[in-house]
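Per the numbering used here, residue 90 is the first one in the sequence shown, and the count goes up by one each step. Structure, as structure tokens:
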Amino acid sequence: MIRPLLRAALLLLPFTAAGAFAEPALAPTPAPAPAASTSGEPYELVRALQAVQDGIANGDTAAHGNHAALIRQIGEKFLAADPGVWSNLQNGQAAVIYLLSGGAPQIIRKLPRDKLNVDGRLFDGALAYVEGRQDEARELLKDVRPRTIPSGLGGQVALVQGALFARAEASLAIERLDDARLLLPGTLVEEAALRREILLVGQAEDFDKFEFLTLAYIRHYRNSVYAGDFWQRFSTGLTQSSLALDERRFARITTLLEQIDRASRLKLYLVIARTAMVRGGLPVTRLAGERALTLSADASAERERAHLFRGVSRALTDEYDGGLAELKVLDRSKLPERDIPFLNATVQLALDVRKPFAGGSAAAADKPPVTPARLDLASSTATLARAQKQLGELERLTRDRRP
90 MIRPLLRAAL LLLPFTAAGA FAEPALAPTP APAPAASTSG EPYELVRALQ AVQDGIANGD
150 TAAHGNHAAL IRQIGEKFLA ADPGVWSNLQ NGQAAVIYLL SGGAPQIIRK LPRDKLNVDG
210 RLFDGALAYV EGRQDEAREL LKDVRPRTIP SGLGGQVALV QGALFARAEA SLAIERLDDA
270 RLLLPGTLVE EAALRREILL VGQAEDFDKF EFLTLAYIRH YRNSVYAGDF WQRFSTGLTQ
330 SSLALDERRF ARITTLLEQI DRASRLKLYL VIARTAMVRG GLPVTRLAGE RALTLSADAS
390 AERERAHLFR GVSRALTDEY DGGLAELKVL DRSKLPERDI PFLNATVQLA LDVRKPFAGG
450 SAAAADKPPV TPARLDLASS TATLARAQKQ LGELERLTRD RRP
């Protein structure tokens with residue numbers, strides 16, 4: 090379906106400005122493609138543009154390649170249109186949709202403003218947003234309720250509001266991005282809303298919604314031209330929050346990561362393992378480290394890092410001997426410099442915890458226990474002091490070197 094829509098939209102391209110609102114010719118095929126326009130009204134031209142953009146959301150690279158040319162040609166037709174067409178409310182709203190769909194602001198500024206039948210706040214707010222005047226755009230659009238205006242325009246405005254309020258009012262931005270998805274499902278607007286919202290929800294540490302949005306993207310837009318941007322935002326949201334640090338949900342995290350290519354999955358598991366180690370989440374450090382081991386190549390730097398994380402988690406929990414042995418055989422030359430202090434501190438701490446008290450001997454086991462009044466705590470106190478000092482150093486290192 091996407092290819093015919095693209096062909097139909099591209100029928101716009103050969104027209105001259107003088108014939109901008111003429112009946113489009115049929116494509117030279119046995120079965121004519123769906124017409125991009127029946128009367129050449131601006132709102133119909135914008136519908137053709139949206140059809141091409143929806144193809145982009147579904148992975149149509151040809152649509153993506155012709156997108157800029159189509160926007161330019163529609164802009165030319167807008168300028169050549171009879172000024173009277175802009176009194177039609179649909180056409181006035183189409184001018185705003187075109188602007189928010191990638192249209193050039195200089196084109197929109199040349200339209201007869203006194204003829205445009207469109208809400209002034211929407212027009213001025215959209216123009217301010219596209220031209221980079223963010224504060225002005227926020228002020229103009231903050232009170233607009235997307236669900237109270239036609240869905241085609243409402244979804245676009247909601248998407249813009251999600252971007253405008255992402256930093257200052259994240260909860261409002263999430264709400265508006267939800268509106269965008271609901272108002273324009275199955276479109277590039279919904280695809281873009283999912284990409285923007287996944288990071289905000291990750292920062293809010295709402296794992297259930299993070300999982301829901303990820304699965305929605307996989308289900309509908311995994312082939313999108315912009316899928317790489319989604320997974321980058323997904324990775325940031327996952328690793329710069331505590332979402333992946335709860336071992337009870339690790340299996341669900343694993344299911345989500347199965348949708349990513351092997352190299353990216355390995356990189357994410359290593360980041361998760363290190364983040365969990367820095368924050369004291371040793372169970373997740375071990376789980377992520379073990380996943381990384383299964384994905385890494387023999388003798389690779391990634392394999393050594395995976396052993397580092399698993400070894401740390403073992404040595405400091407219930408597998409002291411195995412973990413310490415794993416750490417001792419690591420090839421330090423393959424570890425990044427920032428990981429060496431973790432290795433050194435962990436090995437030293439593990440050794441100190443098992444270091445025997447000074448002056449002790451096997452024969453001491455045959456002697457009666459020292460009475461509490463004569464108990465000498467000097468040796469054990471010194472050992473504990475060293476352990477506490479090393480723990481403090483490890484904590485300082487992790488605090489100063491977070492990824």
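Glycine included, every Cβ here is placed at the ideal spot set by N, Cα and C. Remember, predicted model here, so these are calculated numbers, not experimental data.
Span of the alpha helix (DSSP H), counted from its first residue to its last, around residue i
| i | result |
| --- | --- |
| residue 136 | 131–146 |
| residue 402 | 390–404 |
| residue 315 | Taken as a continuous stretch (DSSP letters only), residue 315 belongs to no alpha helix (DSSP H), as it is neither H nor E. |
| residue 243 | 240–253 |
| residue 361 | 351–367 |
| residue 66 | With the chain running from 90 to 492 in the structure shown, residue 66 is simply not present. |
| residue 164 | 150–169 |
| residue 180 | 178–189 |
| residue 217 | 209–219 |
| residue 277 | 277–292 |
| residue 260 | 259–272 |
| residue 300 | 296–310 |
| residue 228 | 223–230 |
Distance CB(residue i)-CB(residue j) smaller than 8 Å
| i | j | result |
| --- | --- | --- |
| residue 176 | residue 199 | no |
| residue 234 | residue 251 | no |
| residue 376 | residue 396 | no |
| residue 256 | residue 229 | no |
| residue 279 | residue 270 | yes |
| residue 208 | residue 236 | no |
| residue 343 | residue 380 | yes |
| residue 254 | residue 247 | no |
| residue 402 | residue 371 | yes |
| residue 367 | residue 148 | no |
| residue 365 | residue 409 | no |
| residue 305 | residue 334 | no |
| residue 378 | residue 362 | yes |
Closest Cα partner of residue i within the set the options
| i | options | result |
| --- | --- | --- |
| residue 347 | 151, 311, 421 | 311 |
| residue 241 | 380, 373, 434, 143 | 143 |
| residue 153 | 224, 303, 277, 353 | 277 |
| residue 273 | 259, 239, 432, 297 | 239 |
| residue 258 | 245, 243, 227, 244 | 227 |
| residue 244 | 224, 442, 139 | 139 |
| residue 369 | 352, 382, 195, 336 | 336 |
| residue 297 | 223, 341, 431 | 341 |
| residue 221 | 429, 421, 249 | 249 |
7 Å CB neighbourhood of residue i in its chain, flanking five on each side removed
| i | result |
| --- | --- |
| residue 324 | 357 |
| residue 330 | 291, 292, 294 |
| residue 197 | 184, 188, 216 |
| residue 161 | none |
| residue 423 | 390, 393 |
| residue 350 | none |
| residue 339 | 373, 376 |
| residue 146 | 276, 277, 280, 310, 313 |
| residue 181 | 175, 205, 206, 207 |
| residue 168 | 196, 199 |
| residue 225 | 217 |
| residue 425 | none |
| residue 322 | 284, 287, 288 |
Other residues of its chain near residue i: CB distance less than 8 Å, five sequence neighbours each side excluded
| i | result |
| --- | --- |
| residue 299 | 287, 290, 291, 326, 327, 332 |
| residue 119 | Because the pLDDT of residue 119 is 33, which lies under 50, any placement of that residue in the model is unreliable, and the number read from its coordinates should be weighed accordingly. Contacts found: none. |
| residue 201 | 172, 175 |
| residue 260 | 293 |
6 Å Cβ shell around residue i - same chain, five flanking residues per side excluded
| i | result |
| --- | --- |
| residue 436 | 416 |
| residue 193 | 164 |
| residue 406 | 371 |
| residue 345 | 303 |
| residue 359 | 381, 394 |
| residue 308 | none |
| residue 352 | none |
| residue 431 | none |
| residue 493 | Past the boundaries of the shown model lies residue 493; the chain is included only from 90 to 492, so the question cannot be answered. |
Chain D contact for residue i (CB, 8 Å cutoff)
| i | result |
| --- | --- |
| residue 301 | Here chain D cannot be found, since the structure has a single protein chain. |
_Sufficient close CB pairs (3 or more, under 8 Å) joining the stretch 173–189 to the stretch 203–219_ = yes
*Would you be able to state if there are at least three C-beta pairs under 8 Å between the stretch 412–430 and the stretch 378–387?*
no
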